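Sequential numbering of the sequence shown, starting at 354, is according to the working numbering.
We treat Cβ as the ideally placed atom computed from N, Cα and C, and that holds for glycine.
As the structure is a prediction and not an experimental result, all values here were calculated from the model.
What follows is a set of notes on a single structure, which appears directly below.
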Amino acid sequence: MRIATRRVARPMHTDDIAQVIEIERESFPTMWPPTAYKRELEQNRLAYYLVTVERNAEAAGEWAAHGGGHGHGSDHSGAVGRLFGELRHILGNEEDERPLPPLEERAELITGVIGVWLLADEAHIVTIAVRESHRRQGIAELLLIRAIELAGAKEQQLVTLECRVSNTPALALYDKYEFEKVGLRPRYYSDNHEDAYVLSLDRLGSRAFQARFQGFKDEHESRWGHFDVEA
354 MRIATRRVAR PMHTDDIAQV IEIERESFPT MWPPTAYKRE LEQNRLAYYL VTVERNAEAA
414 GEWAAHGGGH GHGSDHSGAV GRLFGELRHI LGNEEDERPL PPLEERAELI TGVIGVWLLA
474 DEAHIVTIAV RESHRRQGIA ELLLIRAIEL AGAKEQQLVT LECRVSNTPA LALYDKYEFE
534 KVGLRPRYYS DNHEDAYVLS LDRLGSRAFQ ARFQGFKDEH ESRWGHFDVE A
């Protein structure tokens, strides 16, 4: 049985790639090829990826022996997402696919990931995914909180994303954080040609939103517990 000693939200490292691909395949099984995370992290100056982590000190020895170390939602299989994918394909797809130890033997278990591209004055969320075993534990909401905080810190004016019209839980989360439906992309997703809502949050700098946002963060911590935040 795995016992997490610390829960952390931090930037993604290249050593996280194998675990993040594992989560991506669970969440978006029809997406191919997988995201070129190594190139995204090392060469794409627009990209910021954040992960949530469970740290288990007792498993450190096992994880090190396997060469480990640092390392719900919307996908990016639609039109804009395919553009990102094509750019990633041009940059290359050099992912680390070494065998991973069992979940309970990992000193750091990646539980979720969110990717943000900073485009002019817009922060565009390109992916958000949570490990299947850790869903409905507030992780997707925490990742969204961190993305909104990142956008504010980078002085972006708005946050945007696409979401499947059938993804009711995700839409409810985005509605809570005051995203508005500003458009519809017909047949956006390549796997089943489902439409996507275009969602936008454009009140980042207002005092009223920041006060409500702080309330959302306090409510999240009260319900789901504390996550340490690392830069």
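Minimum C-alpha distance to residue i - residue among the options
i	options	result
Y402	L503, L462, R484 and E494	L503
S519	H546, L495, A506 and E494	H546
A400	E407, Y390 and V406	Y390
E375	I463, T358, E393 and E457	I463
S543	F569, T383 and H579	T383
W470	Q567, F580, L453 and V512	V512
T388	A362, N409 and T480	T480
Y541	E515, Y530, F566 and D555	E515
C404	F381, V483, V535 and R359	Inspection of the sequence shows that residue 404 is occupied by Val rather than by Cys. With distances taken between Cα atoms, V404 lies closest to V483.
Backbone secondary structure at residue i - three-state DSSP
i	result
W577	helix
T358	coil
E547	coil
V373	helix
T367	helix
G536	strand
E583	coil
G424	Only weak support is given to the placement of G424: the predicted model assigns it a pLDDT of 35, under 50, and the value that follows is read from those uncertain coordinates. Looking at G424 - three-state DSSP - the assignment turns out to be coil, as it is neither helix nor strand.
L456	helix
Whole-angstrom C-beta distance between residue j and residue i, which should lie under 8 Å
i	j	result
R517	A493	14 Å between Cβ atoms; not a contact.
G505	H573	No, G505 and H573 are not in contact; Cβ-Cβ is about 16 Å, not under 8 Å.
L557	F532	About 12 Å separates the two Cβ atoms, so there is no contact after all.
D581	R398	Actually they are not in contact, since the Cβ atoms of D581 and R398 sit about 27 Å apart, beyond 8 Å.
Residues that residue i bridges to, as DSSP identifies them
i	result
P382	The partner list for P382 (beta bridge, DSSP) is empty, contrary to what the question assumes.
I501	Answer is none; I501 lacks a bridge partner.
A476	L471 and V512
key: beta strand (DSSP E) runs wholly inside the segment 386-412, at least 3 long, in chain order   = The qualifying runs are 400-408.
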